[in-house]
Amino acid sequence: MLGLHSTAFETAHPVTSSSPSSASSPGLAARPKRVLVIHYSQSGQLDSVAEQIVAPLRADPAIAVHEETLRPLAPFPFPWPFIAFFDAFPESAHLKPPPLAPLSLTGEEDFDLVILPYQVWFLAPSQPITAFLKHPLAGRLLAGKPVVTVIACRNMWLLAHEKLKGMLDAAGARLIDNVVLTDPGPTLATFFTTPAWLIWGRKRGFWGMPDAGLSTTQIRRAGRFGRALRDALHVDLERGTGPLLAGLGAVEANARLLISEKAGTRSFFLWGKLIMAAGGPGAWQRKPLLLLYVVFLLALIVTVVPVSLTLQALLRPLFKGWLTKMTAQFECPSGSATDRSHLYDD
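Mapping of the sequence shown onto this note's numbering: position 50 corresponds to residue 50, and the numbering continues sequentially without gaps.
The following block contains the structure:
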């Protein structure tokens, strides 16, 4: 969504299994490996990515997959009505989601691996994912379990992932991998193409700008992560502390966006606090403040953002060391290296 705690970063350790035909461990003969996949997607794009990753696991008789689709009690629309779209940002920024419909899980299930795809809403995890991670069952399901997160978003995800890691920490989960797929369009173009898709349902590009969202190639190539997870499960690598998806180009962090993310996050938080004080989601008292914020946001996009990006480009040589450090931190644990991709690309 439009994007305008903490854990220690770990050094990525390459997975030692180097062949897609790794032999099964004795443990797999006793019972299938159990994988939990959490689903929530509005446009269907994130579901398409998750399907590419999950398909190799589902097709393996030695792996049992449980797919849990999250359903808010009050469903979020797609495409969004204009005001409803912006009305979601206060609770998103403050991590105060509405409740979910009852889950099919009881909390007594025992999973070997959890795959958690999620969207970024207003520089925070989507409300349904936040609701799940704050659900009483989350701690029982995730405590001590290895988790692979999968992000599909515009391009700003750094601080949203920090918030999500905080919630995983609170649930006692172990984040072992992170996959990030971002809109390949230019940053300024996506400020317009992404809202056009979300609010009017127009995914096709306009005014010379590219289509919104991920490319079909990006989605199709996500299957390599599923094939690598399948092989890692066959040799019990999920029980270790290192990532399972190292060397597969899982994530490329753009630390240059961190300053813009911090400014946007603070803006969403402060305005969100003011708007929530006027009433709950959907309250008519919020609408004038939301319209005022839209004007404020558009002014920022047209004036401050281009100036900020220009200044950052000019000052980049002075901050090269800092950018390199931040990039390495945000790319943990899976990393951007691609030395194993040839083993798992279709």
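Quick reminder that beta carbons are idealized off the backbone N, C-alpha and C, glycines included. In this text the structure is predicted, and so the values were computed from the model without any measurement.
Query, Result
"Pick from C153, A171, L158, V150 that is closest to A138, judged by C-alpha positions", "A171"
"Rounded Cβ spacing between L100 and A131 (contact assumed at less than 8 Å)", "5 Å"
"Sequence-distant residues of the same chain with beta carbon closer than 7 Å to V147, five excluded per side", "V114, L116, L168, A173, R174, L175, I176"
"C-alpha distance - Q127 paired with Q119, whole-angstrom precision", "9 Å"
"Residue(s) in a DSSP beta bridge with C153", "T182"
"E108 - DSSP class collapsed to helix/strand/coil", "coil"
"Burial state of A246 (16 or more Cβ within 10 Å)", "buried"
"For P79 and G403, believed in contact at Cβ under 8 Å, the rounded distance", "Because the chain spans 1 through 346 in this model, residue 403 falls outside it and cannot be assessed."
"The region 307-327 touching the region 249-263, judged by at least three CB pairs closer than 8 Å", "yes"
"C-beta contact flag for I275 and R286 at 8 Å", "yes"
"CB contact flag (S48, V179, <8 Å)", "no"
"First and last residue of the uninterrupted beta strand (DSSP E) at V348", "Nothing in the structure corresponds to residue 348, since the chain is present only between 1 and 346."
"W121 beta carbon less than 8 Å from that of A152", "no"
"Selected residue, minimal CA-CA separation from D211, among R224, G272, A189, S41", "A189"
"Best match in A55, L36, F82, F76 for proximity to R224 [C-alpha to C-alpha]", "A55"
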